[in-house]
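To keep things clear, I will list the structure first and then write my remarks on it.
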DNA sequence: GTTTTTCCTTAATAACACCTTAAGATTTTC
DNA sequence: GAAAATCTTAAGGTGTTATTAAGGAAAAAC
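Residue numbers (our numbering), protein chains in the order written: chain A, 415 to 648; chain B, 415 to 648.
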C-alpha cells in the first residue's frame with residue numbers, strides 16, 4: 415500500500431483554506447488546515463508533513479518566516495500563495511525560498527498540478543517511498559493524464575480544452591458518485607467567480623459529450639442525475 | 415552507486431542560503447549550510463568537503479578569509495557569491511583566489527552549472543571516483559550539454575543563446591510533462607523578477623522553434639498546451 | 001575606451017482558441 | 001398541462017498565443 419501525502423494549508427482567508435482543503439481531499443491527500451501561523455507552526459513540529467501551502471500574508475506571522483522554520487528543521491517542499499500581481503510589490507522578498515508560487519485567484523487543477531509536481535520532484539531526489547499519486551486516471555478505455563493534459567478514449571486521443579479537461583478530471587476522480595453542479599463549478603473554477611453559472615457548466619458538458627461521442631439521452635459516460643448533478647459510473 | 419558531493423554554502427542572507435540549499439539538494443548533493451563564518455570554519459575542519467560556495471560579505475568574516483583558510487589546509491574548489499555588479503568595485507581583491515564567481519541575483523541553473531563544472535574540473539585532475547552528474551540530456555536526436563552549453567539536433571549543432579538554452583533545458587528535463595509558462599519563467603529567470611513576463615517567454619520559444627525548424631502549428635518538438643504551458647513529448 | 005555585434009526585452013498587432021451568454025427547444029416532474 | 005430543470009445551438013466577447021520589429025542593454029571585438 416502506498417502512502418498518501420500529508421499536506422499543510424495555512425491561510426487566514428478561511429474561504430480559501432476551506433476550498434483548498436476540499437480540492438486536496440478530493441485528490442486523496444491528508445490535509446492539515448489552519449487559519450493562523452501559530453497553529454501551523456505547532457502542526458509542523460508534531461506531524462510528519464510532506465508539503466506545505468502557505469499564504470504570504472497572515473495575521474500573526476508571514477508565510478516567509480514559517481517557510482524559514484520549515485527549512486531549518488525539516489525538508490519538504492513549500493508552495494506560496496501570493497496575492498494578485500498588483501500587490502506583489504509590497505511583499506517582494508518574502509516569497510524567497512519557496513519551491514513554487516501560485517498567485518490568487520487560481521484554478522484548483524493548477525494548484526493540484528503544482529502540488530503533484532513538487533511531491534514528485536521531492537521524492538525523486540530523496541528516494542523515500544513514493545506517494546500514492548494519481549497523475550493518471552484510467553478506467554474502462556478512458557485515460558486522463560494530468561502531466562501531459564492528454565485524454566484518450568478507446569485508444570483515440572481527444573483534444574480537450576482546459577475547462578473540459580478539468581471537468582472530466584473532477585468527474586472521474588469522483589466516479590461512482592454524483593457531483594453537484596455547484597460543487598463541480600467550485601472544483602473547476604475555484605474562487606475566481608462566485609456566481610454559480612450553471613448554464614456554462616452545461617455547455618461544457620455538452621461539448622464533452624460531443625467529443626466523447628456521447629449523448630444526453632442514453633449516455634455512456636457522463637450521466638445526468640436530474641435535480642442533483644452529473645456522475646460517471648464506476 | 416556513485417558518490418554525491420559534499421557542498422558547503424555560507425551566506426548571512428538566510429533566504430539566499432536556503433534557496434541554494436534547495437537547488438543543490440535537488441541535484442542530489444549533500445549540503446552543509448551556515449549563516450556565518452565561524453560555523454562554516456568549524457565545518458571545514460570537521461567535514462570532508464568537495465566544494466564551497468561563499469558569500470563575500472559576512473557579518474563576522476569575509477568570504478575571502480575563509481577562502482584563504484580552505485586553500486591553506488585543504489584543496490577543493492571555491493565559488494564566490496558576489497553582490498550585484500555596481501558594488502563589486504568596493505570588494506575588488508576580496509574575490510581573489512576563488513575558482514569561480516557568481517553575481518547576485520543569479521539564476522539557479524547558472525549556479526548549478528558552475529558547481530558541476532568545478533566538480534568536474536577538480537575530479538578530473540584528482541581522478542578519484544567521479545561524481546554522479548547529469549550534465550547531459552540526450553534523446554531522439556536532441557542533445558543538450560550543460561557544461562559546454564552546446565545543443566545538437568540531428569547531428570547538426572544549433573547555436574542557442576543562453577536564455578534559449580536554459581528554456582530548452584528546462585523543457586527537456588521535464589519532458590513528458592507540461593511546464594506552465596509561469597513555472598518555466600521561474601525556473602529560467604529565478605526569483606529575480608516577480609512579474610511573470612509571459613511575452614518574453616513566448617518570444618524565446620518562437621526563436622527556439624525557428625532554430626529547430628519547428629513551427630507553432632504542427633510542432634515536432636515544443637508543443638503548446640493551450641491555457642497550460644509548453645511541453646516536449648517523451 | 002570605443003566600436004561593433006549579439007542578445008534580451010518590450011510593445012503593438014494579428015490570429016486563434018476558448019468561454020460565456022442568451023434564447024429557444026426539449027425533457028422531466030408534479 | 002404548467003413549471004422547472006436540462007439540453008442545444010450559435011454568435012459575440014474575452015483571453016491566450018503567435019508574430020514582428022525596434023529600442024536598449026550587455027557582451028565581444030577592436
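Just so it is clear, CB atoms sit at the ideal spot from N, CA and C, and this is done for glycine as well. Just so you know, these numbers come straight off a predicted model, no measurement behind them.
The beta strand (DSSP E) with residue i in it runs from where to where?
| i | result |
| --- | --- |
| residue 575 of chain B | Unbroken run through residue 575 of chain B: none, as it is neither H nor E. |
| residue 451 of chain A | Residue 451 of chain A -> not in any beta strand (DSSP E); alpha helix (DSSP H) instead, spanning 451-460. |
| residue 638 of chain B | 636-639 |
| residue 645 of chain B | 643-646 |
Could you list which residues in chain B have their beta carbon closer than 7 Å to that of residue i, in chain order?
| i | result |
| --- | --- |
| residue 562 of chain A | 590, 591, 592 and 645 |
| residue 513 of chain A | 436 |
So, at 6 Å on beta carbons, what are the nonlocal neighbours of residue i in its own chain, with the 5 sequence-adjacent residues on each side left out?
| i | result |
| --- | --- |
| residue 421 of chain A | 438, 443, 445 and 465 |
| residue 447 of chain A | 423, 431 and 435 |
| residue 632 of chain B | none |
| residue 556 of chain A | 567 |
| residue 503 of chain B | Any reading at residue 503 of chain B must be qualified, since the residue scores a pLDDT of 42, below 50, and its modelled position is unreliable; the value itself is stated next. So no residue of the chain qualifies. |
| residue 574 of chain B | 565 |
| residue 551 of chain A | 558 and 586 |
| residue 452 of chain A | 474 |
| residue 547 of chain B | Residue placement at residue 547 of chain B cannot be trusted, given a pLDDT of 43 that sits under 50; the coordinates are not used to answer. |
| residue 521 of chain A | 604 |
| residue 455 of chain A | none |
| residue 617 of chain A | none |
Taking residue i as the query, report the chain B residues whose CB atoms sit under 9 Å from its CB, ordered along the chain.
| i | result |
| --- | --- |
| residue 437 of chain A | Under the 9 Å cutoff, chain B gives no residues; its nearest Cβ is about 17 Å from residue 437 of chain A. |
| residue 576 of chain A | 639, 640, 641 and 642 |
Among all the DSSP beta bridges, which residues are the ones paired with residue i?
| i | result |
| --- | --- |
| residue 469 of chain A | A:495 |
| residue 567 of chain A | A:556 and A:570 |
| residue 421 of chain B | B:445 and B:465 |
| residue 474 of chain A | Paired residue(s): none; residue 474 of chain A is not in a bridge. |
| residue 550 of chain A | A:559 |
| residue 594 of chain B | B:643 |
Identify, in the order they occur along the chain, each residue of the same chain with its Cβ nearer than 8 Å to the Cβ of residue i, setting aside the five sequence neighbours on each side.
| i | result |
| --- | --- |
| residue 531 of chain B | 514 and 561 |
| residue 528 of chain B | 493, 514 and 516 |
| residue 484 of chain B | 458, 466, 490 and 492 |
| residue 635 of chain A | 556, 623, 626, 628 and 646 |
| residue 462 of chain A | 420 |
| residue 488 of chain B | 458 and 463 |
| residue 576 of chain B | 563 |
Since residue i is in the alpha helix (DSSP H), which residue starts that stretch and which ends it?
| i | result |
| --- | --- |
| residue 516 of chain A | It is not in any alpha helix (DSSP H) - residue 516 of chain A instead sits in the beta strand (DSSP E) that spans 514-517. |
| residue 625 of chain B | 612-625 |
| residue 432 of chain A | 428-440 |
I want to verify the contact list: residues of chain A whose CB lies under 9 Å from the CB of residue i, in sequence order.
| i | result |
| --- | --- |
| residue 600 of chain B | 514 and 515 |
| residue 532 of chain B | In chain order: nothing, as chain A lies at least about 21 Å away. |
Identify, in the order they occur along the chain, each residue of the same chain with its Cβ nearer than 7 Å to the Cβ of residue i, setting aside the five sequence neighbours on each side.
| i | result |
| --- | --- |
| residue 506 of chain A | Model confidence at residue 506 of chain A stands at a pLDDT of 47, short of 50, so the residue's coordinates are unreliable; what they give is reported in the following sentence. Once the five neighbours on either side are set aside, residue 506 of chain A has no close Cβ partner at all. |
| residue 563 of chain A | 579 |
| residue 450 of chain B | 426, 472, 473 and 474 |
| residue 591 of chain B | 645 |
| residue 638 of chain A | 630 and 644 |
| residue 615 of chain B | 595, 598 and 599 |
* What residues from the region 627-642 of chain B come within 8 Å of chain A, judged by C-beta to C-beta, listed N to C? -> Cβ contacts with chain A come from 639, 640, 641 and 642.
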